[in-house]
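Reading through the structure tokens given below for one structure.
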Amino acid sequence: MVVVSLARGARDRQQWNIDLAVAWRDVLATVLPEVTDFCRLYLFRHPELAPEHSGMAIGAGPASLGRRGQQQVLDWLRLLENVDLKAVVSSDQPQCADPAAAIAAVKGLEVETDERLRDQALGAWEGRRWEDVAREDS
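First residue of the sequence shown? That's 1 in the numbering used here, and the numbers climb one at a time after it.
Written out as structure tokens, the structure is:
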């Protein structure tokens, strides 16, 4: 099963993550009711970032999580509570690695970081506000 955590909008992002996971589980339960030899892959996009990062070109740079992002991590922990994970792999960016570490810790695992999972590098734009990029670099 592939569960992809995507944001539909800041207001309902948390519920969207949960709804999507449940929807995939239900769909695959009807398609693969008795499969016993397969692997499940859970993919989570980094949680919502802190408000100070809103409107900024973060790219491959670091960013901190906001309150809602921290709540999303707690929701993921509940979602994965009864899931037998074999590995946790993450980008080395803190907005990804920190939530991955929380998941790995409760599962007794170590996070394997891989820089190939970083967001796209934005060069000179990284850390700048998108409105400044549009105004100054156009």
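Heads up, the beta-carbon is just placed ideally off N, CA and C, and yes, glycines get one too.
Measuring alpha carbon to alpha carbon, tell me which of E136, D98, S138 ends up nearest L74. Sequence index remark: in the sequence shown, residue 74 carries index 74 (1-based). Comparing Cα positions, the closest option is D98.
Looking at C-alpha atoms only, which residue of R128, E136, V111, L80 is the closest neighbour of A63? Locating residue 63 in the sequence shown gives position 63, counting from the first residue. The shortest Cα separation from A63 among R128, E136, V111, L80 belongs to R128.
Does G123 pass the burial test, meaning 16 or more other C-beta atoms within 10 Å, or should it be called exposed? Numbered from 1 along the sequence shown, position 123 holds the residue referred to as residue 123. When all chains shown are included, G123 counts as exposed.
With DSSP as the reference, please indicate the residues paired to L65 in a beta bridge. Mapped onto the sequence shown, residue 65 falls at position 65. Looking at the DSSP assignment, L65 forms a beta bridge with L49.
DSSP on R129, reduced to helix/strand/coil? In the sequence shown, residue 129 corresponds to position 129, counting from 1. Three-state result, R129: strand.
Among L85, S90, E112, E126, which has the Cα closest to the Cα of G59? Position 59 of the sequence shown, counted from the first residue, corresponds to residue 59. That would be E126, whose Cα lies nearest to the Cα of G59.
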